[in-house]
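These notes concern the structure reproduced below.
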Amino acid sequence: MKSENNKKKVTKKPAAKKQATKKTTVKKASVKPQETPKMNMKQLRFRQMMLVLLLLLLVLGISFGFTYAWMKMNEKEDLTEEQKLAFLEISLNNTQSSSIVLDDLYPMNETGGLSTDPYKLTLKNNGKYSINYALTLEDDSDAIQKCSEENKGAACKTISRDELHYSLKKNGGEIANGLLKDSHGVIDMGIIEAGDAETNYELKLWLDYDTEIDFTDAKFFGKFEVRTMVGDE
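Per my numbering, the sequence shown runs over residues 189 to 421.
Take a look at the structure:
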């Protein structure tokens with residue numbers, strides 16, 4: 189063999205071809221900044237006026253809301269007071285009536301007036317609230333109207349409350365004596381406690397001796413009323 193042939197033939201593998209990579213260049217779109225339109229003075233003033241108007245409406249809305257809530261709270265409070273005062277009862281001479289009629293009237297001095305029979309009233313609190321009250325004697329317009337209807341529309345001859353003299357006892361003790369016109373019809377004021385508490389009155393009424401009115405065939409139509417204000421529980 190030839191020495192040259194003693195060497196093994198080396199077969200070289202062909203080198204792998206490199207894949208060509210293409211670079212893709214993305215072009216960014218250029219965004220132009222949006223131009224802000226310039227407001228003229230009229231538009232600016234209009235927007236300012238609208239803002240002020242909205243603020244005014246907001247303030248009015250809040251005020252109305254508070255006012256409405258306050259009214260509803262007062263309404264609820266009044267209703268609760270009426271429910272409480274429903275426990276207050278006034279009875280006259282052991283009846284449920286609070287109206288009186290004085291007829292055959294003629295002027296009396298104090299001695300004669302004190303000799304008359306009294307009206308007996310009882311004021312009772314059946315509730316659980318103490319009550320500040322004022323006991324009054326008023327002209328009974330309903331009774332006067334009924335009298336007129338019974339007289340076929342002719343007016344009844346009446347005497348006003350202010351022409352009457354009175355004497356009052358409260359729970360057995362005398363507390364007042366005078367003309368009703370001087371007290372504006374208020375007979376007594378006080379506090380009646382809760383829990384079936386009672387206050388008893390004896391009231392004598394007569395036509396004042398110094399009256400100058402025509403009292404012939406005249407009548408006095410009156411009714412007792414209680415004006416109240418709820419106190420502490």
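Note that the Cβ used here is the ideal one computed from N, Cα and C, for glycine as well.
In terms of alpha-carbon separation, which member of the options lies closest to residue i?
{"i": "T299", "options": "G249, R415, I401, L395", "result": "L395"}
{"i": "L325", "options": "E351, K334, Y317, L241", "result": "E351"}
{"i": "N281", "options": "E390, E337, G315", "result": "E390"}
{"i": "G360", "options": "T310, S287, M229, N228", "result": "T310"}
{"i": "S355", "options": "S329, S336, I332, Y307", "result": "Y307"}
Just how far apart, CA to CA, sit residue i and residue j?
{"i": "I319", "j": "E413", "result": "15 angstroms"}
{"i": "K411", "j": "V240", "result": "59 angstroms"}
{"i": "F403", "j": "I347", "result": "7 angstroms"}
{"i": "M377", "j": "K358", "result": "11 angstroms"}
{"i": "Y317", "j": "N388", "result": "19 angstroms"}
{"i": "N313", "j": "T416", "result": "12 angstroms"}
{"i": "G301", "j": "Y397", "result": "9 angstroms"}
{"i": "N262", "j": "D405", "result": "In this prediction, N262 has a pLDDT of 48, which is less than 50 and means its spatial position is unreliable; what the coordinates show is noted afterwards. Taking the straight line from one Cα to the other gives about 48 angstroms."}
{"i": "F409", "j": "I288", "result": "6 angstroms"}
{"i": "K230", "j": "M238", "result": "12 angstroms"}
{"i": "L393", "j": "E362", "result": "14 angstroms"}
{"i": "K407", "j": "H353", "result": "15 angstroms"}
Sort out for me which residues DSSP pairs residue i with in a bridge.
{"i": "N388", "result": "T310"}
{"i": "T416", "result": "Y321"}
{"i": "V247", "result": "Answer is none; V247 lacks a bridge partner."}
{"i": "F409", "result": "V289"}
{"i": "M400", "result": "Residue identity differs from the one stated: residue 400 is Glu in this sequence, not Met. DSSP, once it has assigned bridges, lists no residue as partnering E400."}
{"i": "L395", "result": "P295, L352"}
Using a Cβ-Cβ distance cut-off of 8 angstroms, determine whether residue i contacts chain D.
{"i": "L232", "result": "The displayed structure is made up of one protein chain only, and chain D is not part of it."}
Cβ contact check for the segment 339-346 and the segment 292-312: 3 or more pairs under 8 angstroms | Contact check between the segment 339-346 and the segment 292-312: fewer than three CB pairs, one atom from each, fall below 8 angstroms, which does not count as touching.
Which ranges does the alpha helix (DSSP H) cover as unbroken runs of at least 4 residues, wholly within the segment 312-384, from first to last along the chain?
-> Whole alpha helix (DSSP H) segments, 4+ residues: 329-338.
Do three or more CB pairs link the segment 373-392 to the segment 237-253 at distances below 8 angstroms?
-> Cβ pair count under 8 angstroms is below three, so no.
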